[in-house]
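Numbering (the numbering used here), first residue to last: 1 to 263.
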């Protein structure tokens with residue numbers, strides 16, 4: 001199938017943003033977006049406002065900014081609690097994908113926590129070497145990700161921005177890093193723009209940064225996943241910024257398709 005026709009774009013929401021769901025549903029009905037990726041906010045964990053809407057969901061386990069970190073033994077109890085709760089949320093919302101950050105600190109601790117789960121819906125998200133707050137992250141290279149996915153027992157959420165940032169840290173070509181992440185094919189993608197002048201993670205509006213989207217789209221075209229979640233900043237309490245960014249992203253897709261970069 002033509003790549004442009006098979007792709008579904010995801011709108012990222014947090015559980016404290018239930019007021020945006022009516023806008024989200026309208027955008028899904030209008031085929032601007034195809035699903036909602038719902039990040040569980042531990043301070044506002046109730047998914048009841050979301051369960052009333054008949055849309056497709058992906059669930060994102062809360063990450064390091066919320067005190068959840070599979071690599072940090074001091075955060076183990078809360079991390080396990082939130083993973084278990086997120087799995088329950090996914091069951092309640094009939095979500096087939098549960099995204100979990102690779103975390104920071106100890107690879108062995110992360111692997112030990114993951115060994116206690118046998119859920120085919122869990123996918124591990126690759127990280128940059130240098131996180132948003134300057135922390136050193138796990139899962140920034142193919143070798144450690146292979147260990148974290150338990151040799152592909154779990155799937156992969158390929159965050160293009162994180163991969164490109166890790167290439168900067170490793171001082172190698174980003175296409176080489178991305179190639180190593182494509183086998184087996186990722187189950188879902190995250191996309192934003194970013195600044196190539198720093199290895200530190202950042203998520204920018206589409207077209208504001210310096211990422212090579214033609215290269216990104218070539219990898220999307222050879223992958224099998226149909227799901228791409230937009231992870232750009234939202235400056236207002238509406239989804240207006242998301243609509244602007246997805247419009248720019250779709251134009252880039254169409255341009256790449258005309259150039260023969262997407263089959």
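Idealized CB from N, CA, C, for every residue including glycine.
Secondary structure of residue i, DSSP reduced to three states
i	result
residue 23	helix
residue 35	strand
residue 48	helix
residue 229	strand
residue 161	helix
residue 104	strand
residue 76	helix
residue 140	coil
residue 191	strand
residue 99	strand
residue 14	strand
Residues near residue i in its chain [Cβ-Cβ closer than 7 Å; skip 5 each side]
i	result
residue 45	15 and 85
residue 8	34, 35, 226 and 227
residue 178	163 and 219
Whole-number beta carbon distance between residue j and residue i, since they are thought to touch under 8 Å
i	j	result
residue 157	residue 187	7 Å
residue 113	residue 153	Not a contact, Cβ separation roughly 14 Å.
residue 265	residue 142	In the structure displayed, the chain extends from 1 to 263; residue 265 sits before or after that span and is not available.
residue 91	residue 51	That belief does not hold up - the Cβ atoms of residue 91 and residue 51 are roughly 11 Å apart, past 8 Å.
When the options are compared against residue i, the one with the closest alpha-carbon
i	options	result
residue 124	136, 8 and 69	69
residue 62	55, 71, 38 and 181	38
residue 164	191, 58, 148 and 185	191
residue 242	193, 57, 259 and 144	193
residue 60	88, 74, 237 and 118	88
residue 253	184, 212, 238 and 232	212
Sequence-distant residues of its chain with Cβ nearer than 6 Å to residue i (five each side left out)
i	result
residue 49	18
residue 235	241
Sequence-distant residues of the same chain with beta carbon closer than 8 Å to residue i, five excluded per side
i	result
residue 55	24, 25, 28, 35 and 36
Proximity test, residue i beta-carbon vs the ligand ADP heavy atom, cut-off 6 Å
i	result
residue 13	No copy of the ligand ADP appears in this structure; indeed no ligand is present at all.
The segment 15–33 / the segment 216–228 touching (three or more Cβ pairs under 8 Å): no
Contact the segment 243–255 vs the segment 206–218: 3+ CB pairs below 8 Å: yes
Three-pair Cβ contact test at 8 Å for the segment 80–96 versus the segment 126–135: no
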